[in-house]
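These notes are about the structure you will find just below.
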Amino acid sequence: MMSVVRWLVGAALFLALLFLSLDNAEVVTLRFFRVATWQAPLVFVVFVTFVAGVAIGLAAGALRNTRLKRQLKRMRREAARETPPAPAPHGATPAKAPPSPDGQPPFGIG
């Protein structure tokens, strides 16, 4: 049910943005510091700006993710060096020595 609602909302949003872009198809002029000018439809300028923002955001996220993975790897390596071996699991006991022929426990046990 939620997937149907999600698709309907997405389709409505797409159609609204499509009609908005068709209504704003005028040509706009961008001036780059009075050195160069560029003319393009407004919808194209907005789309290019959006795509550039997404690309910059993805690049920044990828850099951060890479840095965090490297840091996690280093911290795990350090923790492995510093951590003593784990104790035996609960319930693991050493085997008992068989009794001696005279019925006395072996030396040091008892």
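Position one of the sequence shown corresponds to residue 7 (the numbering used here), numbered consecutively onward. Even for Gly, the Cβ is constructed at its ideal location relative to N, Cα and C.
CB-CB length for residue i against residue j, believed under 8 Å
| i | j | result |
| --- | --- | --- |
| A31 | L19 | At roughly 19 Å, the Cβ-Cβ gap does not stay under 8 Å, so A31 and L19 are not in contact. |
| V51 | L36 | 7 Å |
Close-in-space but distant-in-sequence residues of the same chain around residue i (CB under 8 Å, 5 per side omitted)
| i | result |
| --- | --- |
| V33 | Q45, A46, P47, L48 |
| T43 | T35, L36, R37 |
| A85 | none |
| A65 | none |
| I81 | Checking the displayed sequence, the identity of residue 81 turns out to be Met instead of Ile. For M81, where only same-chain residues beyond five positions count, there are no Cβ hits under 8 Å. |
| F39 | none |
| R12 | none |
Residues that DSSP places opposite residue i in a beta bridge
| i | result |
| --- | --- |
| P132 | Because residue 132 is not part of the residues shown, which for the chain are 7 to 116, the question remains open. |
| A42 | F38 |
Residues near residue i by beta carbon distance below 6 Å, same chain, minus five either side
| i | result |
| --- | --- |
| G59 | none |
| E88 | none |
| K79 | none |
Same chain only: Cβ atoms within 7 Å of residue i, ignoring 5 sequence neighbours per side
| i | result |
| --- | --- |
| H96 | none |
| V10 | none |
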